[in-house]
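Peer 1: Counting in our numbering, the final residue of the sequence shown is number 825, and the numbers go up one at a time with none missing.
All C-beta atoms, glycine included, are put in the ideal place defined by N, C-alpha and C.
Nothing here was measured: the structure is a model prediction, and the numbers come from that model.
A single structure is presented below for examination.
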Amino acid sequence: NSYFSGEWNLANGAKATISQTDNIGVGSYVVLDGQMTVDRTGVAGDFTWENRFEGNNTGLLVVNLDSETDNFIFHSLICPGAGANYTGTVRLGTVTVDLEDSNTEALTLATLESTSGTKTIIKAGSGENQIGGLVIDGGHLDFSSTRITGNTQCVTDDNICLIAAGGDFYLSKGTVSID
């Protein structure tokens, strides 16, 4: 499938699991109204999503890498505007996500979600980076490697703010670490 460049259409209720980009073709287009799972348990290393995608609020992209130090990256050069039309959810499992540049662009309208039994490290890039929403429903969301610089009123030596600009921030259970 690595040479496939057409369209994958996962309708509401449909599910697919991949472990590498070649499973769906580098550069293919994904309509994600169902669920796509990136599962690299037992395979060390980063994962780069190399596909433009769209989907409505029923869409679910589940990301579970081998270690919380493995990075999930939306590749901006191969798929500019990767998720510009994606209003679904990206559910984080064991993974590191750097919230800047192409990752933030892909999540502009999407909801980022952390669930029970997971550990996710969030790194915030420089400047202001906005995503559609954030849901913490269990798990461990770690912001300790996040450093914010610049003139931001809500950041002090012992305080960091999360602003849901146009989206929602929910914390129902779980752990948020900010060091």
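Classify D685 as helix, strand or coil using the three-state DSSP reduction.
Peer 2: Counting from one through the sequence shown, the residue named residue 685 turns up at place 39. Looking at D685 - three-state DSSP - the assignment turns out to be strand.
Peer 1: Tell me which same chain residues have a C-beta within less than 6 Å of the C-beta of A660, skipping the five on either side of it?
Peer 2: One-based indexing of the sequence shown puts residue 660 at position 14. Contacts found: G680.
Peer 1: Verify whether the separation of the beta carbon atoms of T757 and T735 is less than 8 Å.
Peer 2: As a first step, residue 757 is located in the sequence shown; it is residue number 111 there, counting from the start. As a first step, residue 735 is located in the sequence shown; it is residue number 89 there, counting from the start. Yes, Cβ-Cβ distance for T757 and T735 is below 8 Å.
Peer 1: With a threshold of 7 Å on Cβ separation, who are the neighbours of N717 within its own chain once the five nearest residues in sequence on each side are excluded?
Peer 2: For this step, residue 717 is matched to residue 71 along the sequence shown. D692, T742 and D744.
Peer 1: For I794, which three-state DSSP category applies?
Peer 2: Walking along the sequence shown from the start, residue 794 turns up at place 148. Bear in mind that the predicted position of I794 carries a pLDDT of just 47, short of 50, making it unreliable; the figure below should be weighed with that in mind. The answer is coil: DSSP assigns I794 none of H, G, I, E or B.
Peer 1: With the cut-off set at 8 Å, would you say I732 and G779 are in Cβ contact?
Peer 2: Here residue 732 refers to the residue found at position 86 of the sequence shown. Here residue 779 refers to the residue found at position 133 of the sequence shown. For the sequence presented, residue 732 should be read as Tyr rather than Ile. No, Cβ-Cβ distance for Y732 and G779 is not below 8 Å.
Peer 1: By how many angstroms is the C-alpha of S674 removed from the C-alpha of S651?
Peer 2: Here residue 651 refers to the residue found at position 5 of the sequence shown. Here residue 674 refers to the residue found at position 28 of the sequence shown. Near 4 Å, if we compare the C-alpha coordinates of S674 and S651.
Peer 1: From the DSSP output, in three-state form, read off N658 for me.
Peer 2: Taking the first residue of the sequence shown as 1, we reach residue 658 at position 12. Coil at N658, not helix or strand.
Peer 1: Can you tell me the Cα-Cα spacing of F720 and T694, whole angstroms?
Peer 2: Sequence index remark: in the sequence shown, residue 720 carries index 74 (1-based). Sequence index remark: in the sequence shown, residue 694 carries index 48 (1-based). Roughly 6 Å between the two C-alpha positions.
Peer 1: Go to S760, then tell me how far its beta strand (DSSP E) extends in each direction, as first and last residue.
Peer 2: Locating residue 760 in the sequence shown gives position 114, counting from the first residue. Here the beta strand (DSSP E) through S760 covers T757 to T761.
Peer 1: Given this structure, state the Cα-to-Cα distance separating Q776 from I768, to the nearest angstrom.
Peer 2: As a working note, residue 776 is residue 130 in the sequence shown. As a working note, residue 768 is residue 122 in the sequence shown. Each residue's alpha carbon lies about 13 Å from the other.
Peer 1: When the Cα of N658 is compared with those of T687, T750, M682 and T754, which residue comes out closest?
Peer 2: Mapped onto the sequence shown, residue 658 falls at position 12. If we check each option's Cα against that of N658, M682 comes out closest.
Peer 1: Over the uninterrupted beta strand (DSSP E) stretch that includes E700, give me the two end residues.
Peer 2: As a position in the sequence shown, residue 700 is number 54, starting the count at 1. Here the beta strand (DSSP E) through E700 covers R698 to G701.
Peer 1: Quick test of your reading: E653 and V677, contact by CB under 8 Å. State the CB separation rounded to the nearest angstrom.
Peer 2: Working through the sequence shown from its first residue, we reach residue 653 at position 7. Working through the sequence shown from its first residue, we reach residue 677 at position 31. Going by Cβ atoms, the distance from E653 to V677 rounds to 6 Å, so yes, they are a contact pair.
Peer 1: With T742 as the anchor, note down where its beta strand (DSSP E) starts and where it stops.
Peer 2: The residue given as residue 742 occupies position 96 in the sequence shown. Here the beta strand (DSSP E) through T742 covers V741 to L745.
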